[in-house]
Amino acid sequence: MTTHKERHAEPFEQFNSWAFSAQPMIETNAKLTEALCTQAIEVASELTDFTMRRLREDVRLPERLAQCRTPQDLQQAWLDYWQTAIAQYQGEWSRLADLGRGTQGLSAVTEKRHEERRAA
Numbered sequence: 019m020t021t022h023k024e025r026h027a028e029p030f031e032q033f034n035s036w037a038f039s040a041q042p043m044i045e046t047n048a049k050l051t052e053a054l055c056t057q058a059i060e061v062a063s064e065l066t067d068f069t070m071r072r073l074r075e076d077v078r079l080p081e082r083l084a085q086c087r088t089p090q091d092l093q094q095a096w097l098d099y100w101q102t103a104i105a106q107y108q109g110e111w112s113r114l115a116d117l118g119r120g121t122q123g124l125s126a127v128t129e130k131r132h133e134e135r136r137a138a
């Protein structure tokens, strides 16, 4: 005859078995979450820096235009402004692409987990 304690212990043993088998998955999820959060912070920081650089250029433009004395000066000021803007936007896309390539580390973590599952 089984005791009350023995009958009611079984569900907890099954839970413990499941909880310990899920630990690698939980650890992988924690690594992925950490990597995603780090990536999000880096992208947000980069976008903030870019916005500040562009705002500085935007604020300088009226001052530079006010200093123009000839139509050629005005044309050159606008040309410089747009060339700088285009170069900064191109550079920003390049930096964001570089940051995006950092997500390849996420796929490595996921692939490692899949290999561990296949081996188990």
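In the numbering used here, the protein residues as written are 19 to 138. For every residue, glycine included, the Cβ atom is placed at its ideal position computed from N, Cα and C.
Exclusion of the five residues before and after residue 82 leaves 95 as the residues of its chain whose Cβ lies within less than 6 Å of its Cβ.
When C-beta atoms of the region 85–103 are compared with those of the region 38–48, fewer than three pairs fall below 8 Å, so the two segments do not count as touching. Taking a C-beta distance under 8 Å as the contact criterion, residue 52 and residue 114 do not qualify as a contact pair.
In the three-state reduction of the DSSP assignment, residue 94 falls in the helix class, which pools H, G and I.
For residue 120, the closest alpha carbon among the candidates 93, 55, 69, 41 is that of 55.
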